[in-house]
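Encoded as C-alpha coordinates, the structure appears first; notes follow it.
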Amino acid sequence: MSLKTILPGKLGFGAAPLGNMFRDIPEDEALATVSAAWDGGIRYFDTAPFYGAGLAELRLGAALAGRPRADYVISTKVGRLILDEIEDVNARDLGEKGGVFKHGRPNRIVNDYSADATLRSIEDSLKRLGLDRIDIVFVHDVAQDFYGDEWLGVFDTARKGAFKVLDRLRDEGVIKAWGLGVNRVEPIELLLTLDAPRPNGCLLAGRYTLLDHAQALQRLMPMVAEHELGLIVGGPYSSGALVGGPNFEYAPAPPEIIEKVARIKAIADRHRISMKAAGLQFALANPAVAAVIPGASRPDRIAADHAALAEVIPPAFWSDLRAACLIHPDAPVPETD
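Numbering (our numbering), first residue to last: 325 to 661.
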(Lines of atoms letter the chains of each structure in order from A and count residues from 1; the text may use other names and numbers.)
(Lines give C-alpha, C1' and ligand atoms only; values in the text may rest on other atoms or scores of the structure.)
Protein backbone atom coordinates (compact mmCIF):
# COMPACT_ATOMS: atom_id res chain seq x y z
CA MET A 1 0.00 0.00 0.00
CA SER A 2 1.41 3.37 -1.01
CA LEU A 3 1.36 6.42 1.22
CA LYS A 4 -0.78 8.01 -1.48
CA THR A 5 -3.68 5.74 -0.51
CA ILE A 6 -3.29 6.49 3.20
CA LEU A 7 -2.84 10.26 3.35
CA PRO A 8 -6.06 12.32 3.46
CA GLY A 9 -4.82 15.26 1.41
CA LYS A 10 -1.92 16.98 -0.34
CA LEU A 11 -1.24 19.40 2.52
CA GLY A 12 -0.16 18.13 5.93
CA PHE A 13 1.20 19.64 9.12
CA GLY A 14 4.87 19.31 10.03
CA ALA A 15 5.06 19.46 13.83
CA ALA A 16 8.80 20.05 14.27
CA PRO A 17 8.25 23.72 15.24
CA LEU A 18 6.03 22.56 18.13
CA GLY A 19 9.21 21.22 19.72
CA ASN A 20 10.41 24.83 20.13
CA MET A 21 12.41 24.77 16.93
CA PHE A 22 14.65 27.85 16.84
CA ARG A 23 12.59 29.67 19.51
CA ASP A 24 10.67 29.24 22.76
CA ILE A 25 7.08 29.01 21.52
CA PRO A 26 4.35 29.73 24.09
CA GLU A 27 2.12 26.75 24.82
CA ASP A 28 -1.09 28.53 23.81
CA GLU A 29 0.44 29.61 20.50
CA ALA A 30 1.52 26.06 19.70
CA LEU A 31 -1.91 24.63 20.47
CA ALA A 32 -3.67 27.39 18.55
CA THR A 33 -1.53 26.60 15.49
CA VAL A 34 -2.65 22.97 15.47
CA SER A 35 -6.27 24.09 15.95
CA ALA A 36 -5.91 26.43 12.99
CA ALA A 37 -4.60 23.55 10.90
CA TRP A 38 -7.57 21.40 11.91
CA ASP A 39 -10.05 24.19 11.24
CA GLY A 40 -8.42 24.67 7.85
CA GLY A 41 -9.11 21.06 6.93
CA ILE A 42 -5.67 19.55 7.48
CA ARG A 43 -5.97 15.94 8.61
CA TYR A 44 -2.39 14.68 8.37
CA PHE A 45 0.06 15.47 11.16
CA ASP A 46 3.72 14.43 11.29
CA THR A 47 5.84 14.52 14.43
CA ALA A 48 8.83 12.79 16.10
CA PRO A 49 10.28 12.17 19.58
CA PHE A 50 13.36 14.13 18.50
CA TYR A 51 11.43 17.37 18.12
CA GLY A 52 12.10 19.10 21.42
CA ALA A 53 12.82 15.78 23.21
CA GLY A 54 9.16 14.77 23.17
CA LEU A 55 7.70 18.27 23.41
CA ALA A 56 6.19 18.27 19.90
CA GLU A 57 4.44 14.96 20.53
CA LEU A 58 3.07 16.16 23.86
CA ARG A 59 1.73 19.37 22.33
CA LEU A 60 0.31 17.66 19.26
CA GLY A 61 -1.44 15.10 21.43
CA ALA A 62 -2.93 17.80 23.63
CA ALA A 63 -4.13 19.78 20.60
CA LEU A 64 -5.76 16.74 18.99
CA ALA A 65 -7.34 15.44 22.20
CA GLY A 66 -11.06 15.01 21.70
CA ARG A 67 -10.84 15.01 17.90
CA PRO A 68 -12.35 11.91 16.25
CA ARG A 69 -9.42 9.53 15.84
CA ALA A 70 -10.79 8.10 12.60
CA ASP A 71 -10.76 11.56 11.04
CA TYR A 72 -6.99 12.09 10.86
CA VAL A 73 -3.71 10.37 10.04
CA ILE A 74 -0.66 10.74 12.26
CA SER A 75 2.96 9.75 11.72
CA THR A 76 5.86 9.74 14.12
CA LYS A 77 9.38 8.36 14.06
CA VAL A 78 11.69 5.85 15.71
CA GLY A 79 15.44 5.77 16.23
CA ARG A 80 15.67 7.95 19.31
CA LEU A 81 14.54 7.25 22.84
CA ILE A 82 13.63 10.11 25.18
CA LEU A 83 14.64 9.31 28.75
CA ASP A 84 13.45 10.74 32.06
CA GLU A 85 16.95 11.83 33.06
CA ILE A 86 18.14 15.34 32.22
CA GLU A 87 21.12 16.32 30.08
CA ASP A 88 22.88 19.51 29.01
CA VAL A 89 20.97 20.57 25.91
CA ASN A 90 23.93 22.53 24.55
CA ALA A 91 26.21 19.48 24.77
CA ARG A 92 24.10 17.30 22.49
CA ASP A 93 25.66 16.06 19.26
CA LEU A 94 22.89 16.68 16.74
CA GLY A 95 24.94 16.60 13.56
CA GLU A 96 23.92 19.40 11.23
CA LYS A 97 20.93 20.26 13.45
CA GLY A 98 23.00 21.43 16.40
CA GLY A 99 21.11 24.00 18.48
CA VAL A 100 17.87 23.67 16.51
CA PHE A 101 15.96 22.38 19.54
CA LYS A 102 17.91 24.09 22.32
CA HIS A 103 14.60 25.49 23.62
CA GLY A 104 13.03 22.03 23.85
CA ARG A 105 12.85 19.78 26.89
CA PRO A 106 16.18 18.86 28.52
CA ASN A 107 15.43 15.13 28.62
CA ARG A 108 18.27 12.91 27.51
CA ILE A 109 18.07 11.71 23.90
CA VAL A 110 19.55 8.31 23.05
CA ASN A 111 20.01 7.11 19.47
CA ASP A 112 18.92 3.48 19.12
CA TYR A 113 17.62 1.75 15.98
CA SER A 114 17.41 -1.75 17.44
CA ALA A 115 14.26 -3.89 17.43
CA ASP A 116 13.65 -3.49 21.16
CA ALA A 117 14.20 0.27 21.06
CA THR A 118 11.81 0.58 18.11
CA LEU A 119 9.01 -1.08 20.05
CA ARG A 120 9.75 1.01 23.13
CA SER A 121 9.86 4.22 21.07
CA ILE A 122 6.41 3.52 19.62
CA GLU A 123 5.03 2.79 23.08
CA ASP A 124 6.53 6.01 24.46
CA SER A 125 5.15 8.03 21.54
CA LEU A 126 1.67 6.62 22.10
CA LYS A 127 1.83 7.78 25.72
CA ARG A 128 3.03 11.28 24.83
CA LEU A 129 0.42 11.61 22.08
CA GLY A 130 -2.33 10.12 24.22
CA LEU A 131 -3.33 7.76 21.41
CA ASP A 132 -3.98 4.05 21.04
CA ARG A 133 -2.45 3.76 17.58
CA ILE A 134 -0.10 5.45 15.12
CA ASP A 135 -0.76 5.24 11.40
CA ILE A 136 2.70 5.72 9.86
CA VAL A 137 6.14 5.24 11.44
CA PHE A 138 9.32 6.59 9.88
CA VAL A 139 12.86 5.56 10.82
CA HIS A 140 14.46 8.91 11.62
CA ASP A 141 17.72 10.38 10.33
CA VAL A 142 19.70 7.30 9.31
CA ALA A 143 21.81 9.54 7.11
CA GLN A 144 25.04 11.47 6.63
CA ASP A 145 23.84 14.70 8.21
CA PHE A 146 23.73 13.01 11.62
CA TYR A 147 26.21 10.18 11.42
CA GLY A 148 28.79 11.29 8.86
CA ASP A 149 30.94 8.44 7.59
CA GLU A 150 29.29 6.08 10.08
CA TRP A 151 25.85 6.38 8.53
CA LEU A 152 26.00 3.10 6.62
CA GLY A 153 26.67 1.24 9.87
CA VAL A 154 23.71 2.97 11.49
CA PHE A 155 21.59 2.11 8.46
CA ASP A 156 22.58 -1.55 8.77
CA THR A 157 21.61 -1.57 12.45
CA ALA A 158 18.22 -0.14 11.48
CA ARG A 159 17.88 -2.69 8.67
CA LYS A 160 18.34 -5.55 11.12
CA GLY A 161 16.21 -3.93 13.83
CA ALA A 162 13.75 -1.12 13.11
CA PHE A 163 13.00 -2.07 9.49
CA LYS A 164 12.06 -5.66 10.33
CA VAL A 165 9.96 -4.65 13.34
CA LEU A 166 8.03 -2.04 11.37
CA ASP A 167 7.54 -4.39 8.44
CA ARG A 168 6.03 -6.94 10.82
CA LEU A 169 3.83 -4.37 12.59
CA ARG A 170 2.54 -3.19 9.20
CA ASP A 171 1.80 -6.73 8.07
CA GLU A 172 0.01 -7.41 11.36
CA GLY A 173 -2.12 -4.28 10.93
CA VAL A 174 -0.73 -2.53 14.02
CA ILE A 175 0.47 0.35 11.81
CA LYS A 176 -0.62 1.17 8.27
CA ALA A 177 2.75 2.05 6.76
CA TRP A 178 6.44 2.65 7.38
CA GLY A 179 9.49 4.12 5.68
CA LEU A 180 12.41 6.47 6.26
CA GLY A 181 12.24 10.06 7.48
CA VAL A 182 15.51 11.66 6.35
CA ASN A 183 17.16 14.78 4.99
CA ARG A 184 19.29 12.97 2.41
CA VAL A 185 18.48 11.09 -0.78
CA GLU A 186 20.98 8.22 -0.45
CA PRO A 187 19.38 6.32 2.47
CA ILE A 188 16.05 6.09 0.62
CA GLU A 189 17.79 4.94 -2.54
CA LEU A 190 19.58 2.25 -0.53
CA LEU A 191 16.35 1.14 1.16
CA LEU A 192 14.60 0.76 -2.18
CA THR A 193 17.35 -1.55 -3.47
CA LEU A 194 16.71 -4.07 -0.69
CA ASP A 195 14.74 -7.20 -1.54
CA ALA A 196 13.11 -6.99 1.88
CA PRO A 197 11.69 -5.50 3.99
CA ARG A 198 9.54 -3.26 1.81
CA PRO A 199 8.45 0.24 2.86
CA ASN A 200 5.27 2.04 1.81
CA GLY A 201 6.99 5.35 1.09
CA CYS A 202 9.32 7.83 2.72
CA LEU A 203 9.53 11.34 4.09
CA LEU A 204 12.29 13.41 2.48
CA ALA A 205 12.96 16.83 4.00
CA GLY A 206 14.70 19.63 2.14
CA ARG A 207 15.76 17.65 -0.92
CA TYR A 208 12.85 18.32 -3.24
CA THR A 209 12.42 22.06 -3.09
CA LEU A 210 12.84 24.98 -5.44
CA LEU A 211 16.29 25.53 -3.94
CA ASP A 212 17.51 21.93 -4.04
CA HIS A 213 15.92 19.22 -6.18
CA ALA A 214 18.26 18.02 -8.92
CA GLN A 215 19.61 14.93 -7.16
CA ALA A 216 16.23 13.72 -5.95
CA LEU A 217 14.67 14.40 -9.34
CA GLN A 218 17.23 12.46 -11.34
CA ARG A 219 17.87 9.52 -9.04
CA LEU A 220 15.20 9.06 -6.40
CA MET A 221 11.93 10.01 -8.03
CA PRO A 222 12.21 7.35 -10.76
CA MET A 223 12.81 4.69 -8.08
CA VAL A 224 9.80 5.85 -6.05
CA ALA A 225 7.63 5.72 -9.16
CA GLU A 226 8.97 2.30 -10.17
CA HIS A 227 8.06 0.86 -6.77
CA GLU A 228 4.64 2.61 -6.88
CA LEU A 229 5.31 4.34 -3.57
CA GLY A 230 4.62 7.84 -2.32
CA LEU A 231 7.06 10.48 -1.13
CA ILE A 232 6.21 13.11 1.47
CA VAL A 233 8.12 16.35 1.05
CA GLY A 234 9.17 17.93 4.32
CA GLY A 235 10.75 21.36 4.61
CA PRO A 236 9.35 22.69 1.30
CA TYR A 237 10.54 26.18 2.27
CA SER A 238 14.11 24.98 2.95
CA SER A 239 14.08 25.82 6.68
CA GLY A 240 12.46 29.15 5.79
CA ALA A 241 15.10 30.45 3.38
CA LEU A 242 12.76 30.29 0.39
CA VAL A 243 10.20 32.56 2.04
CA GLY A 244 12.61 35.15 3.41
CA GLY A 245 13.74 33.40 6.59
CA PRO A 246 17.35 33.50 7.80
CA ASN A 247 17.96 29.72 7.84
CA PHE A 248 18.76 27.08 5.25
CA GLU A 249 19.37 23.48 6.28
CA TYR A 250 18.80 24.39 9.93
CA ALA A 251 21.64 26.94 9.89
CA PRO A 252 22.15 30.53 8.69
CA ALA A 253 21.68 30.65 4.92
CA PRO A 254 24.96 30.96 2.96
CA PRO A 255 25.44 33.78 0.43
CA GLU A 256 24.81 31.58 -2.62
CA ILE A 257 21.42 30.51 -1.27
CA ILE A 258 20.48 34.08 -0.41
CA GLU A 259 21.38 35.07 -3.96
CA LYS A 260 19.35 32.23 -5.46
CA VAL A 261 16.31 33.14 -3.37
CA ALA A 262 16.62 36.75 -4.52
CA ARG A 263 16.72 35.68 -8.18
CA ILE A 264 13.63 33.47 -7.79
CA LYS A 265 11.81 36.19 -5.89
CA ALA A 266 12.52 38.76 -8.57
CA ILE A 267 10.78 36.53 -11.11
CA ALA A 268 7.96 35.77 -8.68
CA ASP A 269 7.43 39.47 -8.02
CA ARG A 270 7.32 40.15 -11.72
CA HIS A 271 4.52 37.61 -12.08
CA ARG A 272 2.89 38.75 -8.83
CA ILE A 273 2.94 35.38 -7.12
CA SER A 274 4.07 34.45 -3.63
CA MET A 275 7.18 32.44 -2.84
CA LYS A 276 5.07 30.09 -0.73
CA ALA A 277 2.89 29.31 -3.72
CA ALA A 278 5.92 28.67 -5.88
CA GLY A 279 7.50 26.38 -3.30
CA LEU A 280 4.45 24.28 -2.44
CA GLN A 281 3.14 23.93 -5.97
CA PHE A 282 6.56 23.03 -7.35
CA ALA A 283 6.95 20.16 -4.88
CA LEU A 284 3.44 18.82 -5.50
CA ALA A 285 3.85 18.91 -9.28
CA ASN A 286 6.04 15.82 -9.18
CA PRO A 287 3.76 12.76 -9.52
CA ALA A 288 5.85 10.82 -6.97
CA VAL A 289 4.98 13.33 -4.24
CA ALA A 290 2.05 12.31 -2.05
CA ALA A 291 1.97 15.41 0.18
CA VAL A 292 3.90 18.39 1.47
CA ILE A 293 4.18 19.13 5.18
CA PRO A 294 5.37 22.66 5.85
CA GLY A 295 6.04 23.37 9.50
CA ALA A 296 4.19 26.11 11.32
CA SER A 297 4.34 27.66 14.78
CA ARG A 298 1.84 30.49 14.30
CA PRO A 299 -1.84 30.13 13.40
CA ASP A 300 -1.70 32.67 10.56
CA ARG A 301 0.87 30.54 8.72
CA ILE A 302 -1.77 27.88 8.11
CA ALA A 303 -4.03 30.25 6.18
CA ALA A 304 -1.03 31.39 4.16
CA ASP A 305 -0.22 27.79 3.18
CA HIS A 306 -3.80 27.18 2.03
CA ALA A 307 -3.78 30.40 0.05
CA ALA A 308 -0.48 29.38 -1.55
CA LEU A 309 -1.96 26.13 -2.81
CA ALA A 310 -4.95 27.95 -4.30
CA GLU A 311 -2.89 30.65 -5.98
CA VAL A 312 -2.89 30.55 -9.78
CA ILE A 313 0.63 30.55 -11.17
CA PRO A 314 1.01 31.42 -14.87
CA PRO A 315 3.05 29.00 -17.01
CA ALA A 316 5.35 31.89 -17.92
CA PHE A 317 6.67 31.93 -14.35
CA TRP A 318 8.01 28.39 -14.67
CA SER A 319 9.34 29.13 -18.16
CA ASP A 320 11.24 32.09 -16.78
CA LEU A 321 12.71 29.98 -13.98
CA ARG A 322 13.89 27.39 -16.51
CA ALA A 323 15.36 30.08 -18.75
CA ALA A 324 17.28 31.45 -15.78
CA CYS A 325 18.48 27.92 -14.89
CA LEU A 326 16.77 28.19 -11.50
CA ILE A 327 14.96 24.85 -11.84
CA HIS A 328 16.14 21.66 -13.48
CA PRO A 329 15.04 21.39 -17.12
CA ASP A 330 13.33 18.05 -16.44
CA ALA A 331 11.51 19.08 -13.25
CA PRO A 332 7.71 18.74 -13.55
CA VAL A 333 5.82 21.98 -12.97
CA PRO A 334 2.11 22.53 -12.25
CA GLU A 335 -0.25 22.25 -15.17
CA THR A 336 -2.49 25.24 -15.76
CA ASP A 337 -5.85 24.93 -17.46
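Heads up, the beta-carbon is just placed ideally off N, CA and C, and yes, glycines get one too.
Please read these numbers as outputs of a predicted model, since none were measured by experiment.
Original post:
Which residues in the same chain have their Cβ closer than 6 Å to the Cβ of Arg383, if we skip the five residues on either side of it in sequence?
Top reply: Leu342, Ala354
Subject >> Meets three-Cβ-pair contact criterion under 8 Å: the region 368-382 and the region 332-347 >> reply: yes
Original post:
For Glu659, which option in Gln605, Gly376, Pro546 has the closest C-alpha, if you only look at C-alpha atoms?
Top reply: Gln605
**OP:** Note down the Cα distance separating Ile410 from Tyr574, rounded to an integer number of angstroms.
**Re:** 24 Å
**OP:** May I ask you to report which of helix, strand or coil DSSP gives Gly333?
**Re:** coil
**OP:** Determine the contact status of Ala356 and Pro623, defining contact as a CB-CB distance below 7 Å.
**Re:** yes
**OP:** May I have the straight-line CA-CA distance separating Ala415 from Arg432, to the nearest angstrom?
**Re:** 11 Å
Subject >> Uninterrupted beta strand (DSSP E) stretches inside the region 519-545 (no shorter than 3 residues) >> reply: 525-529
Subject >> DSSP three-state assignment for Tyr471, whether helix, strand or coil >> reply: helix
**OP:** Note the first and the last residue of the continuous alpha helix (DSSP H) segment covering Glu580.
**Re:** 579-595
Original post:
When the Cβ atoms of the region 500-509 are set against those of the region 529-538, are three or more pairs found closer than 8 Å?
Top reply: yes
**OP:** Please list, in chain order, all residues of the same chain as Val466 whose beta carbon is under 6 Å from its beta carbon, the five residues on each side excluded.
**Re:** Val478, Phe479, Ala482, Pro511
Subject >> Buried or exposed by the 16-neighbour rule on C-beta atoms within 10 Å, applied to Pro570 >> reply: exposed
**OP:** Along the alpha helix (DSSP H) that carries Asp495, what are the first and last residues, could you check?
**Re:** 488-495
Subject >> Boundaries (first-last residue) of the beta strand (DSSP E) holding Arg625 >> reply: Premise fails: Arg625 lies in the alpha helix (DSSP H), 623-634, not in any beta strand (DSSP E).
**OP:** Consult DSSP for Asn344 and reduce its assignment to one of helix, strand or coil.
**Re:** coil
Original post:
What number of angstroms, rounded off, separates the C-alpha of Leu516 from the C-alpha of Asp417?
Top reply: 29 Å
Original post:
Over what stretch of residues does the beta strand (DSSP E) that includes Ala501 continue unbroken?
Top reply: 501-506
Original post:
So what's Arg432 in DSSP terms, helix, strand or just coil?
Top reply: strand
Subject >> Cβ-based burial, Ser449 [other Cβ within 10 Å; buried from 16] >> reply: buried
**OP:** Spell out the partners DSSP gives Arg404 in its beta bridges.
**Re:** Asn435
Subject >> Range covered by the alpha helix (DSSP H) that runs through Ala360 >> reply: 351-363
**OP:** Measure the beta-carbon distance from Phe346 to Val463 and round it to whole angstroms, keeping in mind my assumption that it falls under 8 Å.
**Re:** The pair is not a contact, with the Cβ atoms about 25 Å apart (cut-off 8 Å).
Original post:
If you pair each beta-carbon of the region 594-604 with each one of the region 537-545, do three or more pairs fall below 8 Å?
Top reply: no
Original post:
Any idea if Asp661 is buried or exposed, counting beta-carbon neighbours within 10 angstroms, 16 or more meaning buried?
Top reply: Here Asp661 scores only 48 on pLDDT, less than 50, and its place in the model is too uncertain to base an answer on.
Subject >> Same chain, Cβ closer than 8 Å to Leu331, neighbours up to 5 away in sequence not counted >> reply: Tyr368, Val397, Gly554, Ile556, Ala614, Ala615
Original post:
For the ligand SAM, any of its heavy atoms closer than 6 Å to the Cβ of Ala601?
Top reply: Of ligands this structure carries none, so the ligand SAM is not represented either.
**OP:** Have a look at Arg543 and Gly390 and give me their C-alpha separation to the nearest angstrom.
**Re:** 43 Å
Original post:
When DSSP labels each residue in this structure, what does Ala575 get in the three-state scheme?
Top reply: strand
Subject >> Ile406 vs Val461 beta-carbon contact at 7 Å >> reply: no
Subject >> Reduced DSSP secondary structure (H/G/I, E/B, other) of Val567 >> reply: helix
Original post:
By how many angstroms is the C-alpha of Cys649 removed from the C-alpha of Val435?
Top reply: According to the sequence shown, residue 435 is Asn rather than Val. Roughly 40 Å separates the two Cα atoms.
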